[in-house]
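Student: Numbers 1 to 90, taken from the UniProt record's numbering, label the letters of the sequence shown in order. Where is the CB? At the ideal position from N, CA and C, for every residue including glycine. These numbers were taken from a predicted model, which means no experiment stands behind them. Can you read through this structure? Questions will come right after.
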Amino acid sequence: RVEAFGIEAWQANRKLVEGKEVRLERDISETDRYGRLLRYIYVDDVLVNAELVRLGLARAKAYPPDTRHQGYLEEMEAEAREAGRGIWAK
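Shown next as structure tokens:
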């Protein structure tokens, strides 16, 4: 099952990271409850997770205790919502 804007998010993520050196940053938890690796992803100084949220292709959902960048992610979500981008389009 593909979520709303799932393909667009996948394409944007690919464009942001493909062929580039990425840096992975861990918060508190190693994995989520499904065993998936939890990491923040950087290309140069760009937090890819936040860029996808800013584009309206992801949401800023908090899963404590992993909240290191939550404030910034929420700012990016508000920007996307106000601009009507991606999932926030009217």
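Residue 93 and Leu-52 look like a contact to me (Cβ under 8 Å); what is the Cβ gap, rounded to whole Å?
Tutor: Within the shown structure, residues of the chain are numbered from 1 to 90, placing residue 93 beyond reach of any answer.
Student: At a cut of 8 Å, does the segment 20–39 reach the segment 63–79 through at least three beta carbon pairs?
Tutor: Touching, yes, given that three or more Cβ pairs across the two stretches are closer than 8 Å.
Student: Take Ala-4 and list the residues in its own chain whose beta-carbon comes closer than 7 Å to its own, dropping the five residues that flank it on each side.
Tutor: Stepping through the sequence shown from its first residue, residue 4 is reached at position 4. Counting only Cβ-Cβ distances below 7 Å, and skipping sequence neighbours, we find Ile-87.
Student: Leaving aside the five residues before and after Val-17 along the sequence, list all residues of the same chain whose C-beta is less than 8 Å from its C-beta, in chain order.
Tutor: The residue you call residue 17 lines up with position 17 of the sequence shown. So the list reads Ile-41, Val-43, Val-48, once near-sequence residues are dropped.
Student: Quick check on the burial criterion: 16 or more other C-beta atoms within 10 angstroms. Buried or exposed for Leu-37?
Tutor: For the purposes of this step, residue 37 is taken as residue 37 along the sequence shown, with counting starting at 1. Result: exposed.
Student: Note down, in chain order, each residue of its chain lying with its Cβ closer than 7 Å to the Cβ of Glu-74, except the 5 sequence neighbours on either side.
Tutor: Mapped onto the sequence shown, residue 74 falls at position 74. Closer than 7 Å at Cβ, skipping near neighbours: Ala-60.
Student: Who are the Cβ neighbours of Gln-70 in its own chain at under 8 Å, not counting the five residues just before and after it?
Tutor: Taking the first residue of the sequence shown as position 1, residue 70 is located at position 70. Excluding sequence neighbours, Gln-70 sits near Ala-60, Ala-62.
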